[in-house]
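**Student:** For the record, the sequence lines run as chains A and B.
Position one of the first sequence corresponds to residue 1 (this note's numbering), numbered consecutively onward.
Position one of the second sequence corresponds to residue 520 (this note's numbering), numbered consecutively onward.
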Amino acid sequence: MVASLHKENSLVRLFRWIYSGLDRTIFMGLKFTFPTRFVSPLGFLGMLTFVIFIILGITGALLMLWYEPILDRAWDSVENINDNIPYGFHLRNIHYHASNAMVMMAILHMYYQYFSGRYKIRNEILWVTGIILGVLTILEAFTGYDIIFSERAELAISIAASLTNSIPIIGPDMRDAFFGAGFHDFVLRFYAFHVFLLPIALIGLMTVHFPRFLVFDVPMVMAITGAIMITGGVFPVEMGLKFDPNVPPGITVPEWYLTGLYAFLRSQYDKFVTGVAWPGIFIFTLLIIPFIDKYKKFSWKDRPIISAIGITSIAQIVVTTYWGFYIDPDRTKSLLERLVIDPIFLYSVMLALVPLSFGFTYLMIKLAKNAEANAKRQPKRTESPITLSEKWIYFVFIALIGFQIYLNIAAYYALLAGMKNISLFIIGIIMLVFAGMFHIYRHGRTIANNPPPSSVQYSDKIKSLQHRRASLGDAEDKPKLASSSENALSQIKSNGLLSKVFKVAGKNKNSFEKMWRKD
Amino acid sequence: MSTPPAPRGEDKISRRDFLKLLAAAGTVLTFTPFVDWGKFLPNPSGSTTEKAKVELPDGSQANVKTFKVNHSEAIIYPRSEDPTLNEEAFRTWQFIRLPQELGGEKNDASAFRAYSMVCLHLWCLWKYWPQDGRKRGECPCHGTLYDPLTGAAFAGPAALQSPPSNVLPRLDLEVDKDGYLWILPPNWNVNGNGIVGFGRFIA
Numbered sequence: 001m002v003a004s005l006h007k008e009n010s011l012v013r014l015f016r017w018i019y020s021g022l023d024r025t026i027f028m029g030l031k032f033t034f035p036t037r038f039v040s041p042l043g044f045l046g047m048l049t050f051v052i053f054i055i056l057g058i059t060g061a062l063l064m065l066w067y068e069p070i071l072d073r074a075w076d077s078v079e080n081i082n083d084n085i086p087y088g089f090h091l092r093n094i095h096y097h098a099s100n101a102m103v104m105m106a107i108l109h110m111y112y113q114y115f116s117g118r119y120k121i122r123n124e125i126l127w128v129t130g131i132i133l134g135v136l137t138i139l140e141a142f143t144g145y146d147i148i149f150s151e152r153a154e155l156a157i158s159i160a161a162s163l164t165n166s167i168p169i170i171g172p173d174m175r176d177a178f179f180g181a182g183f184h185d186f187v188l189r190f191y192a193f194h195v196f197l198l199p200i201a202l203i204g205l206m207t208v209h210f211p212r213f214l215v216f217d218v219p220m221v222m223a224i225t226g227a228i229m230i231t232g233g234v235f236p237v238e239m240g241l242k243f244d245p246n247v248p249p250g251i252t253v254p255e256w257y258l259t260g261l262y263a264f265l266r267s268q269y270d271k272f273v274t275g276v277a278w279p280g281i282f283i284f285t286l287l288i289i290p291f292i293d294k295y296k297k298f299s300w301k302d303r304p305i306i307s308a309i310g311i312t313s314i315a316q317i318v319v320t321t322y323w324g325f326y327i328d329p330d331r332t333k334s335l336l337e338r339l340v341i342d343p344i345f346l347y348s349v350m351l352a353l354v355p356l357s358f359g360f361t362y363l364m365i366k367l368a369k370n371a372e373a374n375a376k377r378q379p380k381r382t383e384s385p386i387t388l389s390e391k392w393i394y395f396v397f398i399a400l401i402g403f404q405i406y407l408n409i410a411a412y413y414a415l416l417a418g419m420k421n422i423s424l425f426i427i428g429i430i431m432l433v434f435a436g437m438f439h440i441y442r443h444g445r446t447i448a449n450n451p452p453p454s455s456v457q458y459s460d461k462i463k464s465l466q467h468r469r470a471s472l473g474d475a476e477d478k479p480k481l482a483s484s485s486e487n488a489l490s491q492i493k494s495n496g497l498l499s500k501v502f503k504v505a506g507k508n509k510n511s512f513e514k515m516w517r518k519d
Numbered sequence: 520m521s522t523p524p525a526p527r528g529e530d531k532i533s534r535r536d537f538l539k540l541l542a543a544a545g546t547v548l549t550f551t552p553f554v555d556w557g558k559f560l561p562n563p564s565g566s567t568t569e570k571a572k573v574e575l576p577d578g579s580q581a582n583v584k585t586f587k588v589n590h591s592e593a594i595i596y597p598r599s600e601d602p603t604l605n606e607e608a609f610r611t612w613q614f615i616r617l618p619q620e621l622g623g624e625k626n627d628a629s630a631f632r633a634y635s636m637v638c639l640h641l642w643c644l645w646k647y648w649p650q651d652g653r654k655r656g657e658c659p660c661h662g663t664l665y666d667p668l669t670g671a672a673f674a675g676p677a678a679l680q681s682p683p684s685n686v687l688p689r690l691d692l693e694v695d696k697d698g699y700l701w702i703l704p705p706n707w708n709v710n711g712n713g714i715v716g717f718g719r720f721i722a
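(1) Between B/Asn712 and the rest of its own chain, which residues show a CB-CB distance below 8 Å, the 5 nearest in sequence each way excluded?
(2) Determine, using beta carbons only, whether A/Gly280 comes closer than 7 Å to chain B.
(3) For A/Asn495, does the count of other Cβ atoms within 10 angstroms reach 16, so buried, or fall short, so exposed?
(4) Taking only beta-carbon atoms, is B/Lys558 less than 7 Å away from chain A?
(5) Name, going along the chain, the residues of the segment 406-437 of chain A whose beta-carbon falls closer than 9 Å to a beta-carbon of chain B.
(6) For A/Pro86, return the contacting residues in chain B, with the cut-off set at a CB-CB distance below 7 Å.
(7) What's the C-alpha gap between A/Asp146 and A/Thr25?
(8) Mind checking which residues open and close the alpha helix (DSSP H) that includes A/Glu154?
(9) Name the residues in the segment 667-684 of chain B whose C-beta lies less than 9 Å from a C-beta of chain A; which are they?
(10) Have a look at A/Ala482 and A/Ile398 and give me their C-alpha separation to the nearest angstrom.
(11) With DSSP as the reference, please indicate the residues paired to A/Glu79 in a beta bridge.
(12) With 7 Å set as the bound, which would you pick, yes or no: does the beta-carbon of A/Phe403 sit closer than that to a beta-carbon of chain B?
(13) For A/Val354 and A/Thr321, what's the separation of their Cα atoms in angstroms?
(14) Determine the DSSP secondary structure at B/Lys572, reduced to helix, strand or coil.
(15) Check A/Ile70 in the structure and name its three-state DSSP category.
(16) Spell out a yes or no on whether the segment 577-597 of chain B and the segment 641-654 of chain B are touching, meaning 3 or more CB-CB pairs, one atom from each, closer than 8 Å.
(17) How would you list, in chain order, the residues of chain B whose beta-carbon sits under 7 Å from the beta-carbon of A/Gly444?
(18) Which of helix, strand or coil does DSSP assign to A/Trp278?
(19) Buried or exposed for B/Arg610, going by 16 or more other Cβ atoms inside 10 Å?
(20) Mapping DSSP to helix, strand and coil, what is B/Tyr461?
(21) Between the C-alpha atoms of A/Ala388 and A/Ala448, what's the straight-line distance to the nearest angstrom?
(22) Pick helix, strand or coil for A/Asn374, following the three-state DSSP scheme.
(23) Identify the continuous beta strand (DSSP E) that holds A/Lys31 and give its terminal residues.
(24) State the start and end residues of the unbroken beta strand (DSSP E) segment that holds B/Leu692.
(25) For a contact meaning CB atoms closer than 7 Å, what does A/Pro397 contact in chain B?
(26) I want to know whether the segment 275-283 of chain A touches the segment 324-332 of chain A - three or more CB-CB distances under 8 Å.
(27) Among the residues of its own chain, which have a CB less than 7 Å from the CB of A/Glu198, if the five just before and after it don't count?
(28) Spatial neighbours of A/Trp66 within its chain, please: C-beta separation below 7 Å, excluding the five flanking residues on both sides.
(29) Quick one: which chain A residues come within Cβ less than 9 Å of B/Gly545?
(30) For A/Ala106, count the other beta carbons within 10 Å of its own beta carbon; 16 or more makes it buried, fewer makes it exposed. Which is it?
(31) Which one or two residues does DSSP pair with A/Phe142 in a beta bridge?
(32) Report, in whole angstroms, the separation of the C-beta atoms of A/Phe298 and A/Ser116, which I expect to be a contact under 8 Å.
(33) Could you compute how far the alpha carbon of A/Tyr347 sits from the alpha carbon of A/Thr312?
(34) Could you spell out the range, first to last residue, of the alpha helix (DSSP H) harbouring A/Tyr394?
(35) With a floor of 4 residues, list each alpha helix (DSSP H) that falls wholly inside the segment 601-663 of chain B, ordered by position along the chain.
(36) Between B/Thr551 and chain E, is there a C-beta pair that is closer than 7 Å?
This is the structure:
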């Protein structure tokens, strides 16, 4: 067993061969970074969005095996997936919650880039493609929740169709192209958009949008996956009611990323203005932001007007999103009365949010600059990172493995007992535990690579080096190495570079370095 | 449980490798639950534990007292709620009462046969011809001939296929005390009732 970890077996050689073959592919043009310690996920929210996109691709492809894009079977086939097919419940819930997570992650990603001014320094193309990607992501999510063809989907499709129709000149033709001639076409066309046309457009734009430097943080990716599963376990997505044209639909609101739009529609103004022009102006503003932002600095503190515009947009998104969800609970009123939002009230609140947000931004910048100045005056606080000793790394690791075994059994029994959401929840926990485990593993490796100054460990290392050298059959150098070990020890202590040892030892330097790099 | 001792001899495992092994164990355990998710993929032919009526095209249940000797009808099994699915070729079966010389006059299940109508050669739908001199299943596409007694192809391209692809899948039948015919729960296996479109081993 020990030998197998060091020797090159044929499987390892195969992987190495494949890896070296990648040299000729586009992947080598990307610079992948696997963080060796915890770094804030704010910097790689885009990568996390992409990972969620991949999760959606995998679960979506599997759901395609059972989903039937046929008018009177769409809802029933989803019900079949949800209730009868093994793990159909799991995959459907992951797919649904991952779609929400992707929209949310894309929005967070955009605002982080916005406030940190990353769209400057010739990143304008990344920004513009990113905005288009965001719009397509929402369209992708929208087509997805429509093809179940429940009551809510029917409401959403009817609104979308009338909005498209309201566009001057090209509107009616667009409506014919996207929605077809009836319910049957809605389902089939939205399915084609959802599973092929929009994803292809997304992938194409992503190849432009990807920067050359990418961060892939395994613990964070697994934590996000786990969070999606846990959400699915705690809030399983409902089936809704199958659309029946003979039954008046109840009040339903769209998904949270469209309730803002819904609030405007409910203000009873012209459809084109509220449903197409307002969001169009919002998207257009975002598109041109890098070209109107003339500040020379990056930080949000040094770009007050741009930051204020950003805060205003967040405030208005939050208010309208919440407003779109709100429906007067008084059932004695008529449906129309409960649904309609007073436009004067809505628009005056929207306007009032502008000076409030500017004032808030001004306040925040003042506070942040004050805090900065204070931090400079005060002595630097020393960080006290949590460090686990090597012994405790093993203890914690083994405890986590034991916990994993327990969770595996628990997840399986939950499924046997028919508690699908519990099983999904527990598998989500397994993902989180893996994230923690990987973090500890990473920490352990860092310790192993940069051992704390302790002479006992260094002499160990040299002993093991001698051993390795001997195992390579380089016997004649052995005494030389041993005699120079004192010398080498001092060198290691002075600069901590193991390669120096090999310089002292002379021969076979390259092969040794290769061996160490493998580790 | 204590940490491995500091000296690392030839047969001792190094700390770094121990850490690697732990990480490998953790990774395996993390992805173990997904092995079972493979059950999402297959769509096995619906098998039930309940008996189903032999429902004739006119909607009545077949009865030994009324069903004519040397006669056949197309029946649907397993029957679905969805009329489109019921038109599927793989759900059509040829329900035959054997001719007199093959024991068709007996008033029990041995006088009846139900074979998949999907020809084992290229999946056309064959049917039973009761005329004198024929009394066999004939496929319209390439002329495979089936023996109504066993379901085995005795001439034509399907007869040249190696077992089990030369014998038609078959449903087990049962007669209740009123003479009504029932289909017993099938075992979709080449050694059981066979696999539609593929065949069955004759015991």
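All C-beta atoms in this analysis are idealised placements derived from N, C-alpha and C, irrespective of residue type, glycine included.
These numbers come from a predicted model, not from an experiment.
**Tutor:** Looking at the coordinates:
(1) Pro688, Arg689, Leu690, Asp691, Pro705, Asn706, Arg719
(2) no
(3) Bear in mind that the predicted position of A/Asn495 carries a pLDDT of just 48, short of 50, making it too unreliable to give a figure here.
(4) yes
(5) Leu407, Asn408, Ala411, Tyr412, Leu415, Ser423, Ile426, Ile427, Ile430, Met431, Val433, Phe434, Met437
(6) Close to A/Pro86, with beta-carbon spacing below 7 Å, are these residues of chain B in chain order: Lys558, Phe559.
(7) 39 Å
(8) 151-166
(9) none
(10) Reliability fails at A/Ala482, whose pLDDT of 44 lies under 50, so the model's placement of it is uncertain and the value that follows must be treated cautiously. Going by the C-alpha atoms only, they are around 37 Å apart.
(11) Looking at the DSSP output, A/Glu79 bridges to nothing.
(12) Chain B places no beta carbon closer than 7 Å to that of A/Phe403, leaving this residue out of the contacts.
(13) 17 Å
(14) strand
(15) In this structure, DSSP gives A/Ile70 a state outside helix and strand, which the three-state scheme calls coil.
(16) yes
(17) Leu538
(18) helix
(19) buried
(20) In this structure chain B extends from 520 to 722, so residue 461 of chain B is not present and cannot be described.
(21) This sequence places Leu at residue 388 of chain A; Ala is not what is there. Each residue's alpha carbon lies about 12 Å from the other.
(22) helix
(23) Per DSSP, A/Lys31 belongs to the beta strand (DSSP E) from 31-33.
(24) Run containing B/Leu692: 692-694, per the beta strand (DSSP E) assignment.
(25) It should be noted that the sequence gives Phe, not Pro, for residue 397 of chain A. Per Cβ cutoff of 7 Å: Leu541.
(26) Contact between the segment 275-283 of chain A and the segment 324-332 of chain A is not established, with fewer than three Cβ pairs separated by less than 8 Å.
(27) Here residue 198 of chain A is Leu; the residue named in the question, Glu, does not match the sequence. Apart from the 5 residues on each side of it in sequence, A/Leu198 sits with its Cβ closer than 7 Å to the Cβ of Leu136, Leu139, Glu140, Thr143 in its chain, given in chain order.
(28) Ser77, Asn80, Ile81, Ile85, Gly88
(29) Phe397, Leu400, Ile401, Gln404, Val433, Phe434, Met437, Phe438, Tyr441
(30) Answer is buried; the Cβ neighbour count reaches 16.
(31) Note: A/Phe142 sits in no beta bridge, so no partner.
(32) Correct: roughly 6 Å between the Cβ atoms.
(33) Cα to Cα, A/Tyr347 sits roughly 14 Å from A/Thr312.
(34) 390-416
(35) 602-605
(36) Among the protein chains in the structure shown, which are A and B, there is no chain E.
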